[in-house]
Amino acid sequence: MDDRLVTLCGLPMAMLAAGAAGLGTPWYQQALVGMEVGPTGAQFGAEGGDPLYAARFNGSEIVRRCREAGSEYVVVWARDGVYAYYDSAVQPKAPGLRERDVLREAVREGRRLGMPIIAYCVLQYPTTALAEHPEWAMRDADGKPIPDRVCFNSPYREHVKDLLKEMLAYGIDGFHLDMVDQGFGPPHGCWCDHCARLYEARYGAAMPTGVTWDESWNRMLELRYETSAGFERELTQFIRSEAPGVTVDYNYHGNPPFSWEVGQRPVQHAVNGDFVTGETGIWGFSALTTGLNVEIYRAATPGRPVQVAMQRGVRMYHDQTTRPLADMQWELYTLLAHGAFVTMVDKTAYDGWLDPVAYERIGELFAEARRRRDEFGHAPVADVALWFSDRSRDWYGRQDPSRYFAGFLGAHKAMTYEHLPWSVVLEENASLATLKQTPVVLLPNAAIVGEATVRLLSDYVTGGGNLIVTGISGCFDHMGQPRPHSALENLIGGRLVRPLESRDNHVRFARGQGPEALTAGLRPDWPFLVEGPAVVYEATEATAIGELLAPHRTVRQIQGVEDTAWPMSAGETVGPAALLNQLGSGQVLTLACSPDAATSGEHPIVEARRLLANAVRLLAPEPRVRVDAPVTVEVVVRDDPERRILRVHLIGYSAPPQTLPARNRPYVLPGLMEEPPIYEATVTLRDRPRSLRVVGRADPPRRDGRRIALTVRDTHAVLVVGY
Ligand SMILES: [Zn+2]
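The opening residue of the sequence shown carries number 313 in this note's numbering; numbering runs sequentially from there.
So this is what it looks like as structure tokens:
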């Protein structure tokens, strides 16, 4: 938030947030970093009425300390499932607050300091409301209430509106509403009377008997999705009608690892507030997918700001520990480089005390990020778009969504490790215009490809785009059943003979066979494992390249008395490894194996990943930027065409080795990054640069024509190229 704007206008923040009235840009369109502060204990049975709990949780102090740390807005804990933290007539206040009202304190201090105050309000898991109204509970297929979960089609909707109305009266600037999930696993809902009536009215039939993966479940899934989206739309409309200009955002669950269980689709549930917001962090999303989360949110809400929350605790939100600065820098800069604005979550001590070390470190973190503010934003430059199919997630993945995610996540991992700038394109809102933004679109094991998508992809390719198809893409029908012919056969220029039952499949390329760019760095005449689904194709129009080899099987494996969990060596050749098809002005490269799934799997050999990267380089041979750097460095390329500035962000991750874990050996969490990495990188530009400078700690760049060599001594550095 621009302080001058606030002082000059002297208007309530809510009015400034309106933006549409022309009084200023809404707070979320200019924020870079902010904080969310809530009391620890809210998730640890604080309903006992302990007067110590949240006793020192003070809105004025929180806002002041956040401001001192460089925060540009504050999301303050106002209502959770158990308590309100303001004087509510609807829900009891945390008893430790006594006469105090945290929301009033925060709003008053926010006004004084010119800080937007956002009220945090829990939606799912409303313990107190469910104790008073057990009839609002979500119900499983047997009609039994599901503990702690509420049905969004119940009168709970009106209860939430009563709470929101109370909070609006304080003059807040926005709501952060958390969460609109329908549970993260079984039992699934909802079979309550409200939902049964809606299903009946909509489809004129009885509900399915459970998760049946048939037409009745197809309808049930639509109803579940609409339940969450309708709830969000209704609350947004209510807030806008009561207080135009007060913003609303919903904590989002449309990205991996979330699937149909939570009741969200990537686009349908990202667009119902003023901006989409979601979470990241190694605790739930891995180190690598930090940037992926941002790109999915961006793809779901094109042209809008996106917000991501990270935490200061070393393990998760609910530990009062503070990560080393470098560890937080790596995550923050990854998010900012990908174009998000970022909320740092601080859980206070049980009594509400604010940890000074956390605020000192966050202050240092934010100050540097704000000094680099001009480096963030701008238009993505991507060589390849990763196609995300929500239909495949649901109907191919079913109760095991990792079946689908393996390909998508592996493709992302391969592109990131190989420094190939990538973007995400979502099946739900993909258009020819979106596809045309990148020279290559990659379908990583998109099992289900509908007719409309086939038409879209055909238009893209015949118009000069390039497509990469891997594994079982297109081999399943709308309901997730195997198809006799691939939906993509015309694009592929080949015929589906059969999918292989094995996952331990190999490929081999003979010396001199096929385009050199496809096999660069791969030893010729050598079979290597590409673990994942594979398909036997027969070329019709396309050129066949290399060999796909099915695995050996022992006698006991053939007899079915021994499993095939561990990969076996390469056996006989069953088909081509790849098919290359010219179609109009574009090309389709089909990989009969799954280098994407292999890269995210248990045997992620480098050659499998390189094959996928080579495929992209074959189809997009002249990228604007090519980066050679250690595999631990993530590259993000952004273009500012108005100022003719290209930015190459380099984000170095350097977690030290871990020791033995206490549980689930060998699955370790990464160590904490304690110091910035030092590394060499070479950036090769397609066009001759007009000017060069580096933001971040690095030696002066050494230029040789269009090649720029860098020695970076920072977690985040940007090569700023004038052209
Ligand atoms: Zn229900």
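We put the beta carbon where it would ideally sit given N, CA and C, even for glycine.
Straight through space, the alpha carbons of Pro879 and Leu830 are spaced by roughly 25 Å. Distance from the Cα of Pro942 is smallest, within the candidate group Glu421, Leu476 and Thr994, for Thr994. When Trp448, Pro839 and Gly872 are compared, the shortest CA-CA separation from Leu860 is found for Pro839. In this structure Arg635 is in contact with Leu984, their Cβ atoms being roughly 6 Å apart against a cut-off of 8 Å.
About 5 Å separates the CB atoms of Val434 and Asp392; that is less than 8 Å, so the two are in contact. Secondary structure of Ala517 (DSSP, three-state): coil. Taking 7 Å as the cut-off, one finds no heavy atom of ligand 1 near enough to the beta carbon of Cys378. As a beta-bridge residue in DSSP terms, Asn778 pairs with Val752 and Gln899. Within the same chain, Thr592, Glu643, Thr646 and Leu647 come within 7 Å of Thr602 by CB-CB distance, once the 5 residues on both sides are set aside. The count of Cβ pairs closer than 8 Å, one atom from the stretch 848-858 and one from the stretch 769-779, stays below three, leaving the stretches out of contact. With fewer than three CB-CB distances shorter than 8 Å, the stretch 862-873 does not count as touching the stretch 899-916. Taking one beta carbon from each stretch, the stretch 432-448 and the stretch 408-418 have fewer than 3 pairs nearer than 8 Å; the two do not touch.
Put simply, the backbone Cα of Leu808 is about 7 Å away from that of Glu801.
For the pair Arg379 and Met427, the CB atoms are nearer than the 8 Å cut-off.
The C-alpha of Ala612 is placed about 7 Å away from the C-alpha of Val583. In the structure shown, Ile784 falls within a coil segment according to DSSP collapsed to helix, strand and coil.
Sequence-distant Cβ neighbours of Arg977 in its own chain, meaning closer than 6 Å and more than five residues away, do not exist here. By the neighbour-count criterion, in which a residue is buried when 16 or more other Cβ atoms sit within 10 angstroms of its Cβ, Lys659 is buried.
For ligand 1, no non-hydrogen atom lies closer than 7 Å to the CB of Met656. Shown here for Thr885: same chain residues with a beta carbon closer than 6 Å to its own, the five before and five after excluded, namely Glu859 and Leu861 in chain order. For Thr831, the three-state secondary structure derived from DSSP is helix. Judged by beta-carbon spacing, Gly501 lies beyond the 8 Å limit of Arg469, meaning their Cβ atoms are not closer than that value. Linking Pro756 to Trp699 through their CA atoms gives a straight-line distance of about 7 Å. Pairing Arg1018 with Pro935, the inter-Cα distance amounts to about 13 Å. Within the same chain, His690, Ala691, Val693 and Leu958 come within 7 Å of Asp951 by CB-CB distance, once the 5 residues on both sides are set aside. For Met622, the secondary structure class from DSSP, reduced to helix, strand or coil, is strand. Judged by their CB atoms, Gly964 and Pro982 are not nearer to each other than the 8 Å cut-off. Checking the 7 Å criterion, the Cβ of Met450 is within range of a heavy atom belonging to ligand 1.
Contact annotation: Gly777 and Ala851 have beta-carbon atoms that are not nearer than 8 Å. Contact between Asp631 and Ala366 fails: their C-beta atoms lie close to 17 Å from each other, not under 8 Å.
Spatial neighbours of Ala1010 in its own chain (CB-CB distance under 7 Å, excluding positions within 5 residues in sequence) are listed in chain order as Leu1022, Thr1023, Val1024, Arg1025, Asp1026 and Ala1029.
In the structure shown, Ile594 falls within a helical segment according to DSSP collapsed to helix, strand and coil.
In the displayed model, Pro907 falls within a helix according to three-state DSSP. With a cutoff of 7 Å, Cys905 does not count as near ligand 1, since its C-beta is closer than that to no heavy atom of the ligand. In this structure, Ser912 has its beta carbon at no less than 7 Å from each heavy atom of ligand 1. When the alpha-carbon of Arg929 is set against those of Trp734, Cys504 and Thr655, the nearest one is in Trp734.
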